[in-house]
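Trainee:
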């Protein structure tokens, strides 16, 4: 299945994509929350779809994040050797973990707002994994059993906040609008091999990133198992698995996003997203 959420920000309804058409499943009575995944929601939803006629979602309706706000969005840094090299970082002996705030999550076609006082806002196309059941101290051999599906993620980053303001990376990663997710969540059966997916990103029509998940330093079973040694992963939680080379920080000289720029990105089997950059404005 391919899960979507649609409608105005904060008022999204659940939906699905079937044969390239978008359908409303709000009559199912549940959003795609922690409780949905925890209670075998994917199987129950599949049964609901078989037994009911579904209204189509009108063209042009906004898509939100395909999952309702998860308990956490965990990210893996420097998980592609070429990206580590371009940023002059040594290859990590263990996965680098940082967090993005859940308030950063927006829809796949929503604007990215450049933070107040930012001059180094950057892009990162990433494969994100959605956890399907509670995971704590998971063995690598069993790790993929905990995956509900996969989603496209733009791990937007403010490099000055991240690297020049002392402390952890989190302050440059969790700004408002810095986690566009979607357009849809693809369940495990939709993706034959998550370790062999092309991922790409363009800025103003120019290709900046063009890589493949076959170049992971740490594969998905390792990342899920490793992360679960340090925190309990709850159903609906997201692990974003790192980005390939081609980020603005790695350019010579570096290139950063400005208001009016357009970012487009995609992953094989997970669709495409597009975000316009806008200047900071107080909500």
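In my numbering, the protein residues as written are 90 to 372. The C-beta atom is built at its ideal place from N, Cα and C for all residues, glycine as well.
#1: Can you name the residues that DSSP bridges to residue 153?
#2: Near residue 210, which residues of its chain fall below 6 Å by C-beta distance, leaving aside the five closest residues on each side in sequence?
#3: Kindly indicate the opening and closing residues of the beta strand (DSSP E) around residue 238.
#4: Under DSSP, the beta strand (DSSP E) around residue 364 begins and ends at which residues?
#5: How would you call residue 243, buried or exposed, if buried means at least 16 neighbouring beta carbons within 10 angstroms?
#6: What does a CB cutoff of less than 8 Å around residue 170 pick up in its chain, not counting 5 residues either side in sequence?
#7: Compare the beta carbon distance of residue 218 and residue 330 with 8 Å and say whether it is the shorter of the two.
#8: Comparing alpha-carbon positions, which option in 262, 199, 363 lies nearest residue 290?
#9: Which residue marks the beginning of the beta strand (DSSP E) containing residue 103, and which one marks its end?
#10: Whose C-alpha, out of 263, 339, 148, is nearest the C-alpha of residue 384?
#11: What's the gap between the Cα of residue 138 and the Cα of residue 110?
#12: Can residue 275 and residue 162 be called in contact, C-beta distance under 8 Å?
Mentor: On the basis of the data shown:
#1: Partner(s): none; residue 153 has no beta bridge.
#2: 203, 247, 345, 346
#3: 236-243
#4: 360-367
#5: buried
#6: 180, 304, 306
#7: yes
#8: 363
#9: 102-107
#10: Nothing can be reported for residue 384: it is not among the residues displayed for the chain, which extend from 90 to 372.
#11: 14 Å
#12: no
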